[in-house]
Structure formats: C-alpha cells, structure tokens
Amino acid sequence: MIPGGGQPNMQQLLQQAQKMQQDLARAQEELARTEVEGQAGGGLVKATVNGSGELRGLVISPEAVDPDDTETLADLVVAAVQAANENAQQLQQDKLGPLAQGLGGMPGLPF
1 MIPGGGQPNM
11 QQLLQQAQKM
21 QQDLARAQEE
31 LARTEVEGQA
41 GGGLVKATVN
51 GSGELRGLVI
61 SPEAVDPDDT
71 ETLADLVVAA
81 VQAANENAQQ
91 LQQDKLGPLA
101 QGLGGMPGLP
111 F
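Under my numbering, the letters of the sequence shown match residues 1 to 111, in that order.
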C-alpha cells in the first residue's frame, strides 16, 4: 500500500523492476570482466579471479617452489586464492549492494 491509501501503479512498478533487472544484469556482466588479485607469502603466490570468483590466473614465484616441501606451496596457493575471492566478494558488494538497496525502496514489495 502507498501512504494515503492509494494503490500502487502496477505499470510503474513493473518498469522500475525491469530497470533494476537490467541494471543488475549490466553489473553482473561488468563483474565477470573485472579481475582482482590476491596474494600470499609476501607475493610469492598470486591468484587472479574475476568479479564472479572464477579463477583466471595463478603465478608462483620460483622461490616458493621447494620439492621437499610441497605442502607449504599448496598452503600458499590456497591462501592466495582465498584472498582473491575475498577481494571479488568485496567488489560484488560494491557493485551489487546499491542495486539490492534499491529493491527495498520500491513500494509494494516485501523487502
């Protein structure tokens, strides 16, 4: 219900919802094209993911490679990928957060 007892204009609501859907799709496409990096071991291992969290690249410095200690290298790879994914999640919040907040401002929707 709209304040004052009037009914919401359904055409206007549908137009707003369609615009938000288009904005969301555009933001998701931009996220898929944007790459962020995470690193571990002081930069010995660097992981690159896109804004959707898809692993796009991995760089391992030769200094990180010890044939007698592959466990440490594996830990560095995992830490770098996790750091990159955290950066991707922050990017998602920055890009998609305002769109989600916009949904809460639409009259007649239960958000």
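Even for Gly, the Cβ is constructed at its ideal location relative to N, Cα and C. Being a predicted model, the structure only gives us computed values, none of them experimental.
Can you tell me whether residue i is buried or exposed, with buried defined as 16 or more other CB within 10 angstroms of its CB?
i: residue 9; result: exposed
i: residue 91; result: buried
i: residue 97; result: exposed
For residue i, which option in the options has the closest C-alpha, if you only look at C-alpha atoms?
i: residue 63; options: 50, 92 and 44; result: 44
i: residue 76; options: 30, 61, 89 and 32; result: 61
i: residue 53; options: 83, 98, 97 and 59; result: 83
i: residue 29; options: 50, 11 and 18; result: 50
i: residue 56; options: 13, 21, 22 and 88; result: 88
i: residue 86; options: 98, 70, 48 and 69; result: 48
i: residue 78; options: 41, 32 and 93; result: 41
Below 8 Å on the Cβ atoms is my contact criterion, and I expect residue i with residue j to pass it. Report the Cβ-Cβ distance as a whole number of Å.
i: residue 39; j: residue 80; result: 5 Å
i: residue 46; j: residue 37; result: 6 Å
i: residue 65; j: residue 73; result: 6 Å
i: residue 25; j: residue 95; result: Rounded, the Cβ-Cβ distance is 12 Å, inconsistent with contact.
Just to confirm the assignment: which complete beta strand (DSSP E) runs, minimum length 3, are found wholly within the segment 55-108? 55-60
In chain order, each beta strand (DSSP E) run of at least 3 residues that lies wholly inside the segment 13-50: 35-40 and 45-50
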